[in-house]
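Residue numbers for the sequence shown follow the working numbering, so the first one is 14 and each next one is one higher.
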Amino acid sequence: MSATKFLAGFIVGGALGAIAGVLLAPRTGKETREILANSAKEAVSKADETVKEIQSKADNVVEEMQKKGDEIREKLQNLLDKKTEEPA
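This is the structure we're talking about:
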């Protein structure tokens, strides 16, 4: 299962659980709407934080891969340079 699908399922499941809890609680309509609005804002905020965190981790992975690629390229270049310097 991909991280994206898991994250989407987690967010949707949490939102549905929160909505069900609010709708089943004995409150007035106004109170319920306020709670739902606040819950929605909180869910959006958490989703935004999670997306930023995932983006940051992805950026770190890409940066690390670029460093490794540069290291490999440098090693290959050194090997090629040594090979061309050897007498035939």
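C-beta atoms are modelled at their ideal positions from N, C-alpha and C, and glycine is treated no differently.
- Ile67 and Ile32 have their C-alpha atoms some 26 Å from each other.
- According to the DSSP assignment, Ser52 belongs to the alpha helix (DSSP H) that extends over Gly42 to Glu98.
- Taking a C-beta distance under 8 Å as the contact criterion, Thr45 and Leu36 qualify as a contact pair.
- Here Leu20 is near Thr63, since their CB atoms are less than 8 Å apart.
- Assignment of Ala16 by DSSP, reduced to helix, strand and coil, places it in the helix class.
- Ala33 carries a helical assignment under DSSP once its states are collapsed to helix, strand and coil.
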